[in-house]
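*Asks:* Okay, so the sequence shown: first residue is 19 according to the numbering used here, each after it adds one.
I am attaching a structure below and will ask some questions about it afterwards.
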Amino acid sequence: MSPNPTRPPETSAADNEERIKRFLATASHDLQSPLRHIAMYAEVLLDDLEETLEDEHRQSLRMIMEKAQTAQRLTKALMSLAGGTPQVTPEEVDLQALVENVWQELTDEPSSRDARLASEGLPSIRTDPALLGLALRHLIANALTYRGESPPHVTITADRDGPLWFIRISDNGMGIDPAHRERIFEPFWKLPKAGTVPGAGLGLTTAREFLKALGGDVSLEHSDESGSRFTIRLPVG
19 MSPNPTRPPE TSAADNEERI KRFLATASHD LQSPLRHIAM YAEVLLDDLE
69 ETLEDEHRQS LRMIMEKAQT AQRLTKALMS LAGGTPQVTP EEVDLQALVE
119 NVWQELTDEP SSRDARLASE GLPSIRTDPA LLGLALRHLI ANALTYRGES
169 PPHVTITADR DGPLWFIRIS DNGMGIDPAH RERIFEPFWK LPKAGTVPGA
219 GLGLTTAREF LKALGGDVSL EHSDESGSRF TIRLPVG
């Protein structure tokens, strides 16, 4: 008779946190150099060839440079989070513009071009735009990834209640089974879905960590077969 298999030891919260920090630090560090070179070469090409390029090619080069620079800022923010002391630089942030920029970056892919956003009239708030932008990126990407049969429709609203801003991100996706709702913020855990789900399973985890660095938090407010709604809480600056 073969011996019973040994059950692997459970991973503690501290172990998970350390794994996240190692993962973020390594990935962010390794990406910095290639991103810097992409941005640099795109800038050199623009300087040397701008007057000879057609508008479409000139715009493409500018887009490459801007995307690389955005990715550099994101990886620096991730490295600061991995170091345990994310640098927070509050400023007045046009939330509408921030949401639209994040949305445009996420829906550039052909698979997301049928997605629609409703977010008119979002206010200006005082916070760190890089950290909030990262949190929004993960939450919106989550809505686009776990889409239902209909084209994704994401609605973002923001309201102030006393000392807090409440930013709500609603979608018409597949919803989250009640059995999984306690696990969605766990690191490296992915919601079961047919097919391959991209990413490392850290989107919601890192979104919550960035928001905590801003003195806020995020939670799943509602989810059923019609979609899900996440709520960000941020202090009024």
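C-beta atoms are modelled at their ideal positions from N, C-alpha and C, and glycine is treated no differently.
Suppose contacts are defined by Cβ-Cβ distances below 7 Å. Is R76 in contact with L182 by that definition?
*Replies:* If you number the sequence shown from 1, residue 76 lands on position 58. If you number the sequence shown from 1, residue 182 lands on position 164. No. Outside cutoff.
*Asks:* Just to confirm before moving on: does the CB-CB distance between L49 and T88 stay below 7 Å?
*Replies:* Looking up residue 49 in the sequence shown gives position 31. Looking up residue 88 in the sequence shown gives position 70. No, the Cβ-Cβ distance between L49 and T88 is not below 7 Å.
*Asks:* Classify A115: buried if its beta carbon has 16 or more other beta carbons within 10 angstroms, exposed otherwise.
*Replies:* What you label residue 115 is simply residue 97 of the sequence shown in a count that begins at 1. That one is exposed.
*Asks:* Pull up the distance between the alpha-carbon of E109 and that of D177, whole angstroms please.
*Replies:* As a first step, residue 109 must be located in the sequence shown, where it is residue number 91. As a first step, residue 177 must be located in the sequence shown, where it is residue number 159. For E109 and D177, the distance between alpha carbons rounds to 19 Å.
*Asks:* Spatial neighbours of A212 within its chain, please: CB distance less than 7 Å, with the 5 preceding and 5 following residues excluded, ordered by chain position.
*Replies:* The residue you call residue 212 lines up with position 194 of the sequence shown. A caution first: A212 carries a pLDDT of 49, below 50, which makes its placement in the model too unreliable to give a value.
*Asks:* At what residues does the alpha helix (DSSP H) containing P253 begin and finish?
*Replies:* The residue you call residue 253 lines up with position 235 of the sequence shown. Not the alpha helix (DSSP H): P253 falls in the beta strand (DSSP E), residues 245-253.
*Asks:* Where does the unbroken alpha helix (DSSP H) through E68 begin, and where does it stop?
*Replies:* Taking the sequence shown and counting its residues from 1, the one referred to as residue 68 is at position 50. Taken as a continuous stretch (DSSP letters only), E68 belongs to no alpha helix (DSSP H), as it is neither H nor E.
*Asks:* Could you check where the beta strand (DSSP E) with A136 kicks off and where it finishes?
*Replies:* Taking the sequence shown and counting its residues from 1, one reaches residue 136 at position 118. Unbroken beta strand (DSSP E) run through A136: 134-136.
*Asks:* Could you pull out every residue in the same chain whose Cβ sits closer than 6 Å to the Cβ of I185, ignoring the five residues on either side in sequence?
*Replies:* Sequence index remark: in the sequence shown, residue 185 carries index 167 (1-based). So the qualifying residues of the chain are A176, I250.
*Asks:* Taking the continuous beta strand (DSSP E) assigned at I158, which residues delimit it?
*Replies:* By one-based count along the sequence shown, residue 158 stands at place 140. Premise fails: I158 lies in the alpha helix (DSSP H), 147-163, not in any beta strand (DSSP E).
*Asks:* So, is R165 buried or exposed, given that buried needs 16 or more other C-beta atoms within 10 angstroms?
*Replies:* Residue mapping note: residue 165 aligns to position 147 of the sequence shown, counting from 1. Label assigned to R165: buried.
*Asks:* If you draw a straight line from the alpha carbon of S246 to that of I158, how long is it in whole angstroms?
*Replies:* As a working mapping, residue 246 is identified with position 228 in the sequence shown. As a working mapping, residue 158 is identified with position 140 in the sequence shown. The alpha-carbon atoms of S246 and I158 are separated by roughly 11 Å.
*Asks:* D189 to K230, Cα distance in whole Å?
*Replies:* As a working mapping, residue 189 is identified with position 171 in the sequence shown. As a working mapping, residue 230 is identified with position 212 in the sequence shown. One C-alpha to the other measures close to 23 Å.
*Asks:* When DSSP builds the beta bridges, which residues end up paired with V120?
*Replies:* Here residue 120 corresponds to residue number 102 of the sequence shown, with the count starting at 1. DSSP lists no partner for V120.
*Asks:* Tell me whether V62 sits in a helix, a strand or coil according to DSSP, three-state version.
*Replies:* By 1-based counting over the sequence shown, the position of residue 62 is 44. Helix.
*Asks:* How should R144 be labelled, buried or exposed, when 16 other C-beta atoms within 10 angstroms of its C-beta is the threshold for buried?
*Replies:* Indexing the sequence shown from 1 puts residue 144 at position 126. So R144 ends up on the exposed side.
*Asks:* In the DSSP assignment, find the beta strand (DSSP E) that holds T173 and state where it starts and stops.
*Replies:* Position 155 of the sequence shown holds residue 173. Its beta strand (DSSP E) spans residues 171-179.
*Asks:* R186 lies in the beta strand (DSSP E); which residues open and close that run?
*Replies:* Taking the first residue of the sequence shown as 1, we reach residue 186 at position 168. Unbroken beta strand (DSSP E) run through R186: 182-189.
*Asks:* Could you please give the first and the last residue of the uninterrupted beta strand (DSSP E) stretch that includes E110?
*Replies:* Along the sequence shown, one-based indexing puts residue 110 at 92. Its beta strand (DSSP E) spans residues 109-112.
*Asks:* DSSP state of S130, grouped into three classes?
*Replies:* What you label residue 130 is simply residue 112 of the sequence shown in a count that begins at 1. Of the three classes helix, strand and coil, the one that applies to S130 here is helix, per DSSP.
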